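Following: one structure in structure tokens, then a few remarks.
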Amino acid sequence: MIFFLNRLIFLTLTIIFLQSTVYAESRTINMEKVSAAVAKGDVEVIHFMGNSYFEGLYGNPKDYHKAFEWYEKSAKLGYTKSQIAVADMYFNGFGTDKNPAKGVEWLQKAINKNDTNAMVLLAIMYSKGNIIEKNNKKYLELLKKADALGNYGATSLLGVAYLQGDGLEKNQDKGIELLTNASNHGNTVAQSMLGSIYYQGKLINQDYTKALTYLLKAAESNDNSAEFLLGYMYEKGHGVEKDKVKAKEWYERSKAHGNKTAELMINLLFLS
4 MIFFLNRLIF LTLTIIFLQS TVYAESRTIN MEKVSAAVAK GDVEVIHFMG
54 NSYFEGLYGN PKDYHKAFEW YEKSAKLGYT KSQIAVADMY FNGFGTDKNP
104 AKGVEWLQKA INKNDTNAMV LLAIMYSKGN IIEKNNKKYL ELLKKADALG
154 NYGATSLLGV AYLQGDGLEK NQDKGIELLT NASNHGNTVA QSMLGSIYYQ
204 GKLINQDYTK ALTYLLKAAE SNDNSAEFLL GYMYEKGHGV EKDKVKAKEW
254 YERSKAHGNK TAELMINLLF LS
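The numbering used here applies: residue 4 is where the sequence shown begins, and numbers increase by one.
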């Protein structure tokens, strides 16, 4: 889920912030300092402890039950990142009994504090319908709210909804506009999609130069779909000089980042 990526990013930032406060040079946690911080209600330190047990870092074993306990402490103190973490653990049954209803409750607490990541997570769940009942109306409502508050992941998903006419009137111009806005703010999904859209030329005039620009941006974040299409462009000479060596390099990157089809393309590349 998206949360795991967000949590890892936050973990990195938290480590930097807490370097001089909760652990020593040995990279083990100083529990005396942690206890003092907890006594003061320092939610970032409490959340950090949850992360350390969830990931098994800084001398702590990987322990989902302890991670849940720490996350729940800061969640009850109103820390939205911990509320999202607790929700996710309820959804997946990590460190506690699986309970989707409680997961939704905790996400809603974060949403009530205008946490846009919580909005996007709940929206995706309403869209998929595999954990909670599918509800396209709530999906769009949450995306629009998160988009209005500046979450460009929501902007990207809303753009896709307009392109597909998913629960609202199809509006390709609006969809492209939203994807472009999200892309301009660094959203990898939007960059990859725009690259594909400009490459295919079905929704907008075909433009290999723009396709290449967007795909390269997405590839900087290791988007395997963008890497795959870059490989194909080099293989076929679409917008670039045909170069099977470069094509293989991009297919290899795509494969390394989880695209199983890329391996087939590599095997076929030099047969023709």
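In this text, a Cβ means the ideal position worked out from N, Cα and C, and glycines have one as well.
Remember, it's a predicted structure, so these values are computed and weren't measured experimentally.
Original post:
In the structure shown, what three-state DSSP assignment does I207 receive?
Top reply: coil
**OP:** Just mark A265 as buried or exposed, buried being the case when its beta carbon has 16 or more other beta carbons within 10 Å.
**Re:** buried
Original post:
Got a sec, what are the start and stop residues for the alpha helix (DSSP H) I32 sits in?
Top reply: Counting along the chain, I32 falls outside any alpha helix (DSSP H), and DSSP gives it neither H nor E.
Subject >> Assigned secondary structure, P64 (DSSP; H/G/I helix, E/B strand, else coil) >> reply: coil
Subject >> Nearest neighbour of K245, chosen from G261, F273, L161, N227 [CA to CA] >> reply: Comparing Cα positions, the closest option is F273.
Original post:
What's the C-alpha gap between L166 and E172?
Top reply: One C-alpha to the other measures close to 9 Å.
Original post:
Smallest Cα separation from A121: which of V41, D91, N190, D100?
Top reply: Nearest of V41, D91, N190, D100 to A121, Cα basis: D91.
Subject >> For K141, the three-state DSSP class (helix, strand or coil) >> reply: In this structure, K141 counts as helix in the three-state DSSP scheme.
Original post:
Going straight from the alpha carbon of K258 to that of G44, what length do you get?
Top reply: 45 Å
**OP:** Take G189 and list the residues in its own chain whose beta-carbon comes closer than 6 Å to its own, dropping the five residues that flank it on each side.
**Re:** Cβ within range, chain order: n/a, list empty.
Subject >> Cα-Cα separation, T2 to K251 >> reply: This structure gives no information on residue 2, because the portion of the chain shown stretches from 4 to 275.
Original post:
Taking the runs of the beta strand (DSSP E) that are 3 residues or longer, which of them lie wholly in the region 182–270?
Top reply: none
Original post:
Which of the three DSSP states, helix, strand or coil, is assigned to E58?
Top reply: helix
Original post:
Short check: CB of L215 to CB of M236, under 8 Å?
Top reply: For L215 and M236, yes; Cβs fall inside 8 Å.
Subject >> Supposed contact pair K101 and Y93 - C-beta distance, whole angstroms, cut 8 Å >> reply: With a Cβ gap of about 7 Å, Y93 and K101 count as contacting.
Subject >> the region 44–55 in contact with the region 72–82 per 3-pair CB rule at 8 Å >> reply: yes
**OP:** Return helix, strand or coil for K173, following the three-state DSSP convention.
**Re:** K173: coil per DSSP, three-state reduction.
**OP:** Would you mind sorting L206 into buried or exposed? The rule is 16 or more other CB atoms within 10 Å of its CB.
**Re:** Here L206 is exposed. Its C-beta has fewer than 16 other C-beta atoms within 10 Å.
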